[in-house]
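S.K.: Quick one: the structure is below, and I'll ask about it shortly.
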């Protein structure tokens with residue numbers, strides 16, 4: 401937790417928060433902070449600054465809050481990922497959020513196992529919790545929008561053209577010769593397939609609406625590694 | 401396991417292997433493979449090809465092995481990472497290996513907690529096992545060299561100048577203005593600090609032997625995300 405993310409309901413007056421639960425435990429046990437210590441804090445969807453601890457007991461921690469700067473800039477990237485297996489979903493969300501992604505769609509694909517869609521990790525509260533972990537890691541405050549889409553074709557044909565309008569349209573695919581561009585300096589929409597890749601018909605659907613299949617080499621990467629690698633290459 | 405990595409001791413004759421244990425269980429339960437199925441295989445530090453299953457029972461799996469191509473090219477990068485917390489060490493090793501790193505040093509630094517050095521995860525067998533997971537993921541066969549160094553200063557002054565000779569020398573550091581270069585097309589030695597970063601004296605030691613401190617932005621990334629992001633940016 402490189403930043404303690406604060407929400408409206410944490411404020412007891414305009415410049416004071418009281419935290420209990422996970423953030424309080426972390427401040428006490430990991431930061432081992434005490435009265436008068438300062439922590440980097442930020443308000444959800446707002447500014448960043450300092451929290452000075454004014455009280456800390458068994459019940460919770462009280463901080464005086466001083467906000468003075470903007471969060472880091474968002475990435476001009478919409479990320480569309482075939483739903484990964486539940487075991488890695490949390491890491492993918494936290495990692496994409498830490499890298500500055502503000503719009504993420506988790507979609508179905510032929511090679512996404514049906515059972516993944518019934519994972520409790522897809523609950524809104526879990527998705528939000530993982531995004532918060534990513535923001536706290538990267539010292540960001542701007543919550544991403546994360547949505548799921550169970551129908552590949554309907555999403556690609558009916559929604560994606562509008563979502564990707566006026567952006568560079570890329571689909572990461574291991575079996576193509578075109579190299580993923582470096583340092584593009586413009587907005588992009590990046591689609592990443594499931595383990596095993598998209599099937600040809602899915603790539604064709606994406607190509608029909610203007611997506612270009614690009615590769616980052618012969619190596620097959622885990623989805624969380626691929627997400628970080630692709631984003632770092634593009635920006 | 402996108403590739404089943406084979407070792408000398410698996411061969412019962414020059415073109416036949418018998419596997420038991422982890423790889424056998426994975427082939428049976430995850431690949432759900434049976435007789436006559438083909439799997440991508442590779443020989444440790446050797447070629448890649450196909451294994452055709454000739455027998456599979458409760459005891460193990462036998463394959464006829466046909467090797468016909470080289471593994472993907474190695475990354476011309478030596479990676480030096482401050483020892484991460486045990487919880488993430490496995491992922492860092494597997495991820496760096498999957499990205500093609502062939503020489504990795506895990507070193508001490510002021511902000512590396514002493515207790516990390518007594519983690520059982522630092523045992524040679526575990527480090528090797530994690531590297532194998534990375535190779536299997538990326539369909540590579542070339543085992544990386546992974547070494548630990550408990551003394552920062554001795555390593556940086558006595559060994560690193562020779563290790564990094566004739567390569568671009570970079571240290572990733574969050575609090576500098578210089579941007580990490582893109583797509584360098586040459587060999588490099590990249591040093592990555594601990595959570596919380598290197599202290600000034602450590603950065604100064606590295607700068608004295610020709611390292612340049614570079615940043616990938618204001619966001620603080622988890623070490624495994626930073627490793628993937630930095631490598632993808634450089635190559």
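Protein chains in written order, with the numbering used here: chain Y, 401 to 635; chain G, 401 to 635.
Even glycine gets a Cβ: it sits at the ideal position worked out from N, Cα and C.
Small disclaimer: the values here were computed from a predicted structure and weren't measured.
1) From 528/G, 456/G and 441/G, pick the residue whose C-alpha is nearest to that of residue 502/G; which is it?
2) Residues of chain Y with CB under 7 Å from residue 448/G, in chain order?
3) Assuming residue 440/Y and residue 539/Y form a contact by the criterion Cβ under 8 Å, report the distance between their Cβ atoms to the nearest whole angstrom.
4) I'd like to know if the segment 574-591 of chain G and the segment 489-506 of chain Y are in contact, where contact means that at least 3 CB-CB pairs between them fall below 8 Å.
5) When Cβ atoms are compared, which residues of the segment 557-590 of chain G fall closer than 8 Å to chain Y?
6) Using 8 Å for Cβ pairs, my map puts residue 601/Y next to residue 607/Y. What's the rounded Cβ distance?
7) If I follow the unbroken alpha helix (DSSP H) through residue 487/Y, where does it start and stop?
8) Less than 8 Å between the CB atoms is what I'm expecting for residue 424/Y and residue 460/Y, so what's the real figure, rounded?
9) Report the start-end ranges of each alpha helix (DSSP H) in the segment 507-580 of chain Y that is 4 residues or longer and not cut off at the edges.
10) At the level of alpha carbons, what is the spacing between residue 483/Y and residue 493/G?
11) Does residue 511/Y get closer than 8 Å to chain G when you measure Cβ to Cβ?
12) Using 8 Å as the Cβ pair cut-off and three pairs as the minimum, do the segment 451-460 of chain Y and the segment 558-570 of chain Y touch?
13) Establish whether the CB of residue 459/G and some CB of chain Y are separated by less than 8 Å.
14) I'd like to check one pair, residue 570/Y with residue 588/Y: are the Cβ atoms closer than 8 Å?
15) Counting contacts by CB-CB distance shorter than 8 Å, is residue 631/Y in contact with chain G?
16) Name the chain Y residues whose beta carbon is nearer than 7 Å to that of residue 497/G?
17) I'd like the list of long-range same chain contacts for residue 605/G, defined as Cβ closer than 8 Å, with 5 residues on each side in sequence excluded.
18) At a CB-CB cut-off below 9 Å, which residues of chain Y make contact with residue 621/G?
19) Residue range of the beta strand (DSSP E) that residue 441/G falls in?
20) By Cβ distance below 8 Å, which residues in the same chain neighbour residue 584/Y in space, the five residues on each side in sequence not counted?
21) Scan the segment 593-606 of chain Y for residues whose Cβ lies nearer than 7 Å to a Cβ of chain G and list them as they occur along the chain.
22) Who are the near neighbours of residue 533/G in its chain, counting only those whose CB is closer than 7 Å to its CB and skipping five residues on each side?
23) Do residue 476/Y and residue 541/Y count as a contact pair if the criterion is CB distance below 8 Å?
24) Can you list, in chain order, the residues of the segment 470-486 of chain Y whose Cβ is nearer than 7 Å to any Cβ on chain G?
25) Any Cβ of chain G within less than 8 Å of the Cβ of residue 451/Y?
26) So which residues of chain Y does residue 616/G contact, with C-beta pairs closer than 8 Å?
27) Can you tell me which of the three DSSP states residue 622/Y falls into?
28) Using a Cβ-Cβ cut-off of 6 Å (strictly less than) and excluding sequence neighbours within five positions of residue 426/G, which residues of its own chain qualify?
29) Could you round the C-beta distance between residue 405/Y and residue 442/Y to whole angstroms and report it? I think they count as a contact, below 8 Å.
30) If you follow the beta strand (DSSP E) that residue 451/Y is part of, which residue opens it and which one closes it?
31) Comparing the C-beta of residue 625/Y with each C-beta of chain G, is any distance below 8 Å?
32) Relative to the C-alpha of residue 618/Y, which residue among 603/Y, 609/Y, 573/Y and 595/Y is closest?
33) What residues match up with residue 463/G in a beta bridge as DSSP calls it?
34) Report the residue from 598/Y, 487/Y, 463/Y and 623/Y whose alpha carbon sits nearest the alpha carbon of residue 575/Y.
35) For a quick check, are the C-beta atoms of residue 507/Y and residue 464/Y less than 8 Å apart?
36) Answer with yes or no whether the minimum CB distance from residue 402/G to chain Y is below 8 Å.
M.R.: Working from what's here:
1) Position 102 of the second chain, counted from the first residue, corresponds to residue 502/G. Comparing Cα positions, the closest option is 528/G.
2) Translated into the one-based positions of the second chain, residue 448/G becomes position 48. What residue 448/G touches in chain Y: nothing, since even the nearest Cβ is about 10 Å away.
3) For the purposes of this step, residue 440/Y is taken as the residue at position 40 of the first chain. For the purposes of this step, residue 539/Y is taken as the residue at position 139 of the first chain. Yes, they are in contact, since the Cβ atoms of residue 440/Y and residue 539/Y sit about 6 Å apart, within 8 Å.
4) The segment 574-591 of chain G, when compared against the segment 489-506 of chain Y, does not touch it at the 8 Å Cβ threshold.
5) 582 and 583
6) Start at 1 with the first residue of the first chain, and residue 601/Y comes out as number 201. Start at 1 with the first residue of the first chain, and residue 607/Y comes out as number 207. In fact, because the Cβ distance is near 11 Å, the residues do not count as touching under 8 Å.
7) On the first chain, residue 487/Y is found 87 positions in, with the first residue counted as 1. Judged by DSSP secondary structure, residue 487/Y falls within the alpha helix (DSSP H) whose first and last residues are 486-498.
8) Position 24 of the first chain, counted from the start, is the residue given in the question as residue 424/Y. Position 60 of the first chain, counted from the start, is the residue given in the question as residue 460/Y. Their Cβ separation, rounded to whole angstroms, is 5 Å, which keeps residue 424/Y and residue 460/Y in contact under 8 Å.
9) For the segment 507-580 of chain Y, whole alpha helix (DSSP H) runs of length 4 or above, ordered along the chain, are 524-538 and 560-563.
10) For this step, residue 483/Y is matched to residue 83 along the first chain. For this step, residue 493/G is matched to residue 93 along the second chain. Residue 483/Y and residue 493/G have their alpha carbons spaced roughly 25 Å apart.
11) Here residue 511/Y corresponds to residue number 111 of the first chain, with the count starting at 1. Judged by the 8 Å Cβ criterion, residue 511/Y is not in contact with chain G.
12) The segment 451-460 of chain Y is not in contact with the segment 558-570 of chain Y.
13) Residue mapping note: residue 459/G aligns to position 59 of the second chain, counting from 1. By this cut-off, residue 459/G is not an interface position.
14) Locating residue 588/Y in the first chain gives position 188, counting from the first residue. Locating residue 570/Y in the first chain gives position 170, counting from the first residue. Yes, they are a contact pair.
15) Start at 1 with the first residue of the first chain, and residue 631/Y comes out as number 231. For residue 631/Y, the answer is yes, since a Cβ of chain G falls inside 8 Å of its Cβ.
16) Walking along the second chain from the start, residue 497/G turns up at place 97. Under the 7 Å cutoff, chain Y gives no residues; its nearest Cβ is about 10 Å from residue 497/G.
17) Here residue 605/G corresponds to residue number 205 of the second chain, with the count starting at 1. Excluding sequence neighbours, residue 605/G sits near 552, 553, 556 and 557.
18) For the purposes of this step, residue 621/G is taken as the residue at position 221 of the second chain. Here the neighbours are 495, 498, 499, 537, 538 and 628.
19) Along the second chain, read from residue 1 onward, the residue named residue 441/G stands at position 41. Residue 441/G -> beta strand (DSSP E) spans 438-443.
20) Taking the first chain and counting its residues from 1, the one referred to as residue 584/Y is at position 184. For residue 584/Y, where only same-chain residues beyond five positions count, the Cβ hits under 8 Å are 568, 634 and 635.
21) Answer set for the segment 593-606 of chain Y: empty.
22) Taking the first residue of the second chain as 1, we reach residue 533/G at position 133. 494, listed in sequence order.
23) If you number the first chain from 1, residue 541/Y lands on position 141. If you number the first chain from 1, residue 476/Y lands on position 76. No; because the gap between Cβ atoms is not below 8 Å, this pair is not in contact.
24) 472
25) What you label residue 451/Y is simply residue 51 of the first chain in a count that begins at 1. No, because no Cβ of chain G sits closer than 8 Å to the Cβ of residue 451/Y.
26) Along the second chain, one-based indexing puts residue 616/G at 216. Those are 632, listed as they occur along chain Y.
27) In the first chain, the residue the question calls residue 622/Y occupies position 222. Coil.
28) As a position in the second chain, residue 426/G is number 26, starting the count at 1. Listed in chain order, the non-local C-beta contacts of residue 426/G below 6 Å within the same chain comprise 401, local neighbours out to five positions each way being set aside.
29) One-based indexing of the first chain puts residue 405/Y at position 5. One-based indexing of the first chain puts residue 442/Y at position 42. Sure, about 6 Å apart at Cβ, within 8 Å.
30) Along the first chain, one-based indexing puts residue 451/Y at 51. Counting along the chain, the unbroken beta strand (DSSP E) around residue 451/Y starts and ends at 448-456.
31) Residue numbering aside, residue 625/Y sits at position 225 when the first chain is read from its first letter. Yes, because at least one Cβ of chain G sits closer than 8 Å to the Cβ of residue 625/Y.
32) Position 218 of the first chain, counting from 1, holds the residue named residue 618/Y. It is 573/Y whose Cα lies nearest to the Cα of residue 618/Y.
33) Your numbering for residue 463/G matches position 63 in the second chain. Beta-bridge pairing by DSSP links residue 463/G to 417/G and 453/G.
34) Taking the first chain and counting its residues from 1, one reaches residue 575/Y at position 175. Considering only alpha carbons, the answer is 598/Y.
35) As a first step, residue 507/Y must be located in the first chain, where it is residue number 107. As a first step, residue 464/Y must be located in the first chain, where it is residue number 64. Result no, Cβ atoms of residue 507/Y and residue 464/Y do not sit closer than 8 Å.
36) As a first step, residue 402/G is located in the second chain; it is residue number 2 there, counting from the start. Chain Y, which has a Cβ nearer than 8 Å to the Cβ of residue 402/G, makes this yes.
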